[in-house]
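Q: Here it is, the structure, as structure tokens.
Encoded structure:
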């Protein structure tokens, strides 16, 4: 009776390539012999989203991992399910098999036997062998022939001796082989015609044969236990041998406690086990960590994304994926193939907005509100081109909730313009190496430090927060971005929903800004990135604003990557600066004085960010978190990269499910929710205000 109790809990259900795996609440109704599932536990009182009759079903643990199993109903319908771990899978599989066996036997007792169909395997060869090609008149009666061997009534069965277990194992191996051949022959039948692979009787035969083998394996295991006990000594009186699975309390079983070791888990790579065994974020410290910029070293990684081979080789996968997408479909939950991934997280990509810290720091040095707005526009338009690591458009890793990225930049004070002149004549790329060497010998007073931190603050919807500051220049920028992606036919569009805020504390000015949309074009040939949409920059205090248009290429003619914009004084509606050009090539600025200036973005020097070594990073910092995926992609091992990526995603789903069950809210580490946005927990404007207040009190 313990094994026939109703059980319930969350499992992951595979839908299709597009939707992928989704959490669903499953209920095993033992009395009715049904497996039902609902969207969540709260909707359990509603009509089930799906129901499977278990009579005649086949419950099969998967060989692909230790978590997955399938339920194949006699109707031909299949559920592919995934448990949290091997222990939970064993629990579900055992209960499902017991329920299936019970209701299958009940059908056999309540219904007369089938007509004497003598079944014999026509062929144990491949599906294309002549034995499988039947004449039209041929039916199931002549296709199979299974002999039933009965013991004569007067013959007594001898007691099985321990040394006979080897013979039993050999006979069972032969039976398993014959059962596999039987299943293979059934599955090789056509799906239409006189006798098909979906024939109800044949499906029942598949189910009962597999259930029989499972039962025999359980019995053999019991015999092995008896044999082992006889070697150690006789069993105490009254001892019983239970089924293979332990009797687990449901309330304890569905908690993510300490996992026991399983042989299937041991067979996984150590790095995958490490990814799956990192403690719950709630068990790790969620207190904000102050990163010391002195511990950070200049970044030496150079992952250029210029390999077109992977896309060409995997075109069939892309075509299969596209065939299941619909125009306008939200791709947030679509699991994309690993080979199109960039070798870094989206959080690290946001740091590329600061690749020209000299232009960023020069904003606050503008002598007037007009000049500061123009400098901000100059910095803003030069911040996008470095985000692309090659000609091909690839997708960065989707950050998992709680993931963080830290870095900093050191900028020599001599390279930051302080007057009204242009600071866009920074050293060329060839001079950057010499500059970096010179930095090592400089004292702290000779350079500014710009610190950056990003955190994934939400999973659904996917929202990232990032913050950068330069304490010496009393300036900081705070932003939050929700990436919404949609399928647009032969391209993918990503809308960057959110807002940024630049604070120049020295002047008491705040600049709000938004981000353009991004598009991955020509996804079947050589994917490339295009920006599009209108962006507004406003400073309420000074009354200056900027309107920037990123133009997408028209269907016929037109230039790529075109951008136009203007800066104006709102009170008088006077345009003080116009800009045109390409956001990844050359920009031309025209000022109200009549002067013009051209900026070649390809010749602008890029200041390398400084990042802590992996061994000093926390387990949820981007580079350490994704290190095995990145290494596998560098080695060209797509399968291993996919395995590591899936392990991280599974861990995130398990944690999300546990929080939903326990109604535990997610606690962010560096960002706090304020209204519809996210703000860094210790922004510079609060720190400066506190210091100024203390100075006033001291005076």
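Residue numbers (the UniProt record's numbering): 1 to 699. Just so it is clear, CB atoms sit at the ideal spot from N, CA and C, and this is done for glycine as well.
How far does the beta strand (DSSP E) with residue 24 in it reach, from first residue to last?
A: Note, residue 24: beta strand (DSSP E), 21–29.
Q: Can you check which of these residues, 467, 448 and 449, is closest to residue 456 by C-alpha distance?
A: With distances taken between Cα atoms, residue 456 lies closest to 467.
Q: In the UniProt domain "PH" (4–101), which residue ranges form an unbroken alpha helix (DSSP H) of at least 4 residues, counting only runs that do not cross its ends?
A: For the UniProt domain "PH" (4–101), not a single whole alpha helix (DSSP H) run of length 4 or above is found.
Q: I need the DSSP call for residue 429, collapsed to helix, strand or coil.
A: Its pLDDT being 43, under 50, residue 429 is placed unreliably in this model, and the value from its coordinates should be taken loosely. Reduced to three states, the DSSP call for residue 429 is helix.
Q: State the start and end residues of the unbroken alpha helix (DSSP H) segment that holds residue 638.
A: Start and end: 638–662.
Q: Which residue spans inside the stretch 161–218 form an unbroken alpha helix (DSSP H) run of at least 4?
A: If we require 4 residues or more, the alpha helix (DSSP H) runs fully inside the stretch 161–218 come out as 165–187.
Q: How would you write the range of the beta strand (DSSP E) that residue 345 sits in, first residue to last?
A: 341–345 is the extent of the beta strand (DSSP E) around residue 345.
Q: With a threshold of 16 other CB atoms inside 10 Å of the CB of residue 664, please say whether the residue is buried or exposed.
A: Exposed, since its Cβ has fewer than 16 Cβ neighbours within 10 Å.
Q: What residue range is occupied by the uninterrupted beta strand (DSSP E) comprising residue 711?
A: In the structure displayed, the chain extends from 1 to 699; residue 711 sits before or after that span and is not available.
Q: Please state if the CB of residue 54 and the CB of residue 96 are separated by a distance shorter than 9 Å.
A: The answer is yes: Cβ separation under 9 Å.
Q: Taking the alpha helix (DSSP H) that residue 380 belongs to, which residues open and close that run?
A: First-last of the alpha helix (DSSP H) with residue 380: 369–381.
Q: According to DSSP, is residue 397 part of a helix, a strand, or is it coil?
A: In the structure shown, residue 397 sits in a strand (DSSP, three-state: E or B).
Q: Do you know how far the Cα of residue 293 is from the Cα of residue 687?
A: Approximately 18 Å between the Cα atoms of the pair.
Q: Among 104, 40 and 22, whose alpha-carbon lies nearest the alpha-carbon of residue 34?
A: Taking only the C-alpha atoms, the option nearest residue 34 is 104.
Q: Could you give the residue range of the alpha helix (DSSP H) that holds residue 501?
A: No alpha helix (DSSP H) contains residue 501, which is instead part of the beta strand (DSSP E) from 492–504.
Q: Quick check: the Cα distance between residue 217 and residue 7, rounded to an integer number of angstroms?
A: So the alpha carbons of these two residues sit roughly 24 Å apart.
Q: By Cβ distance, which residues of its chain are closer than 7 Å to residue 41, with the 5 residues on each side in sequence left out?
A: Closer than 7 Å at Cβ, skipping near neighbours: 25.
Q: Using only CA atoms, which one of 21, 574, 621 and 87 lies nearest to residue 61?
A: Considering only alpha carbons, the answer is 87.
Q: Out of 74, 449 and 5, which has the shortest C-alpha to C-alpha gap to residue 411?
A: For the residues 74, 449 and 5, the minimum Cα distance to residue 411 belongs to 449.
Q: Are the beta-carbon atoms belonging to residue 587 and residue 606 less than 9 Å from one another?
A: No. Outside cutoff.
Q: Is residue 384 helix, strand or coil when you go by DSSP?
A: Three-state result, residue 384: coil.
Q: Looking only at its own chain, which residues have a Cβ that is under 8 Å from the Cβ of residue 437, when we skip the five neighbours before and after it?
A: For residue 437, the pLDDT reaches just 45, beneath the cut-off of 50, and the residue's location in the model is therefore unreliable, although a value from the coordinates is still provided. Cβ within range, chain order: n/a, list empty.
Q: Find out if the Cβ-Cβ distance for the pair residue 405, residue 454 is shorter than 9 Å.
A: Yes. Within cutoff.
Q: For the candidate residues 675, 670, 685 and 487, whose alpha-carbon lies nearest to that of residue 289?
A: The option with the nearest alpha carbon to residue 289 is 670.
Q: Have a look at residue 189 and residue 21 and give me their C-alpha separation to the nearest angstrom.
A: Between residue 189 and residue 21, the C-alpha separation is close to 30 Å.
Q: When you compare the CB positions of residue 703 and residue 533, do they come within less than 9 Å of one another, or not?
A: There is no way to answer for residue 703, as the model of the chain reaches only from 1 to 699.
Q: Taking C-beta to C-beta, are residue 204 and residue 56 nearer than 9 Å?
A: Cβ atoms of residue 204 and residue 56: closer than 9 Å.
Q: What's the call for residue 359, buried or exposed, on a 16-neighbour Cβ count within 10 Å?
A: Classification for residue 359: buried.
Q: So what does DSSP say about residue 438, is it helix, strand or coil?
A: Here residue 438 scores only 46 on pLDDT, less than 50, and its place in the model should not be relied on; the value that follows carries that caveat. Reduced to three states, the DSSP call for residue 438 is helix.
Q: Rounded to whole angstroms, what's the CA-CA distance from residue 632 to residue 346? Just pull it up for me.
A: So the alpha carbons of these two residues sit roughly 18 Å apart.
Q: Would you kindly work out how many angstroms separate the C-alpha atoms of residue 362 and residue 373, rounded to a whole number?
A: For residue 362 and residue 373, the distance between alpha carbons rounds to 11 Å.
Q: Start and end of the beta strand (DSSP E) containing residue 590?
A: Element bounds for residue 590: 586–591.
Q: Mind checking who residue 411 pairs with in its DSSP beta bridge?
A: Note: residue 411 sits in a beta bridge opposite 448.
Q: How close, in whole Å, do the beta carbons of residue 503 and residue 476 come, if the pair is a contact with beta carbons under 8 Å?
A: Right, their Cβ atoms sit about 5 Å apart.
Q: If we ignore side chains and look at the alpha-carbon of each, how far apart do residue 27 and residue 98 end up?
A: Their Cα atoms are separated by approximately 15 Å.
Q: Could you check whether residue 563 and residue 576 sit closer than 9 Å to each other, using their CB atoms as the reference points?
A: No.
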